[in-house]
Amino acid sequence: MLRLSLGAKAALGAIVVAVLAFMYVPLLLVVLNSFNAARIASWPIRGFSLEWWGRAFTSEPIHAAVGNSIVVGLGATTVALVLGTLVAFALRRHSFFGTQTVSLLVVLPIALPGVVTGVALNNTYNQLLEPIGIHVGYFGMIVAHGTFCIVMVFNNVLARLRRLSPSVEEAAADLGATPWQTFRMVTFPQFRGAFVAGGVLAFALSFDEVVVTIFTAPPGVDTLPLWIMNQMARPNEASVVNVVATVMIVLSLVPVWISQRLARDAD
């Protein structure tokens, strides 16, 4: 067992505190400035006010942006749940030529810079599909988000499938269960936690995606991250942006907590 001297423990503790402060003090400033009475974000806080919270919750552009983010997130999550699960089963239950290549292609979109994915899809939509009369519009943004959300579901489900014993499914088949009954009553309950956790993480990833969305969003359609980015160029709107950012910080804790809870229950 490794034993650290008192000086080493103090040094490590100071490093941990410094890293945590570097990560979370900026978030704390955002939260505090959402209650700042001043129109422009500043430090120290001049006074506390709920004016910006009232404006944020009654803003039609914010309502529209939130609605767009939810619709796109749910659409991308649906695509990810279906395709990510199917690919995980295909790679885990079957051996075929190119298995590793397929696995690499599924994971690749999350590793590619978002700007590369965005430019590639933008060129495909505008230079390949539109000239032949196919206008993807809103659906194109959902597909774009689905390309990298699949990885969340794929990794979660595949990791769970690797820990499942096929003997339970074989026993169900021996007892006369059909393949669908075996999946519904035996297989799915065993990886359900990973399935839901992957879906939650996929939705969270889609909800705050901005780079790919810039290149694939139809004209005049803003998601919440796009709205925030556009408003940052307007100093007078900074306080309202801080309110929206504060709400997003709080809501971001939900998918993380759910995914961790489901992963722990699955183990």
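Here UniProt numbering is used: the first residue of the sequence shown is 1, the next is one more, and so on. For glycine and all other residues, C-beta sits at the position ideal for the given N, C-alpha and C.
_Please report the distance separating the alpha-carbon of Met-229 from that of Ser-239._
So the two alpha carbons sit approximately 13 Å from each other.
*asked:* Taking the alpha-carbon of Leu-50 as reference, which of Pro-219, Trp-43 and Thr-58 has the nearest alpha-carbon?
replied: When Pro-219, Trp-43 and Thr-58 are compared, the shortest CA-CA separation from Leu-50 is found for Thr-58.
*Should Ser-69 go down as buried or exposed, given a rule of 16 or more other Cβ atoms within 10 Å for buried?*
In this structure Ser-69 is buried. Its beta-carbon is surrounded by 16 or more other beta-carbon atoms within 10 angstroms.
*Could you spell out where the alpha helix (DSSP H) holding Thr-216 opens and where it closes?*
Counted as a single uninterrupted DSSP element, the alpha helix (DSSP H) harbouring Thr-216 occupies residues 211 to 216.
*On the DSSP bridge assignment, give the partners of Asn-36 in chain order.*
The partner list for Asn-36 (beta bridge, DSSP) reads Phe-48.
*To the nearest whole angstrom, what separates the beta carbons of Val-221 and Tyr-138, a pair I think is in contact under 8 Å?*
Yes, Val-221 and Tyr-138 are in contact; Cβ-Cβ is about 7 Å, under 8 Å.
*Excluding five sequence neighbours on each side, which residues of the same chain lie with their C-beta closer than 8 Å to the C-beta of Ala-172?*
Short of 8 Å from the beta carbon of Ala-172, and not among the five residues preceding or following it, lie these beta carbons of its own chain, in chain order: Gln-181, Thr-182, Met-185 and Val-186.
*Cα-Cα separation, Gly-114 to Val-212*: Distance between the alpha carbons of Gly-114 and Val-212 is about 5 Å.
*Mind checking whether the beta-carbon of Val-151 lies closer than 8 Å to any heavy atom of the ligand COA?*
The ligand content of the structure shown is nil, which means the ligand COA is not present either.
*Under the rule that 16 or more other beta-carbon atoms within 10 Å means buried, what is His-145, buried or exposed?*
The residue in question, His-145, is buried, as its Cβ has 16 or more Cβ neighbours within 10 Å.
*Using three-state DSSP, classify Ala-233 as helix, strand or coil.*
Three-state result, Ala-233: coil.
*Pick helix, strand or coil for His-135, following the three-state DSSP scheme.*
Residue state, collapsed to three classes: coil.
*Beta carbon of Val-157, beta carbon of Ala-76: below 9 Å?*
No, they are not a contact pair.
*Could you check what DSSP says for His-94 in three-state terms: helix, strand or coil?*
His-94 falls in the coil class under three-state DSSP.
*Can you list, in chain order, the residues of its chain whose CB lies under 6 Å from that of Phe-35, leaving out five sequence neighbours each side?*
Only residues of its own chain outside the window of five on either side were considered, and among them Phe-48 have a CB closer than 6 Å to the CB of Phe-35, listed in chain order.
*asked:* Going by DSSP, what residue range makes up the alpha helix (DSSP H) through Glu-170?
replied: Per DSSP, the unbroken alpha helix (DSSP H) holding Glu-170 starts and ends at 166 to 174.
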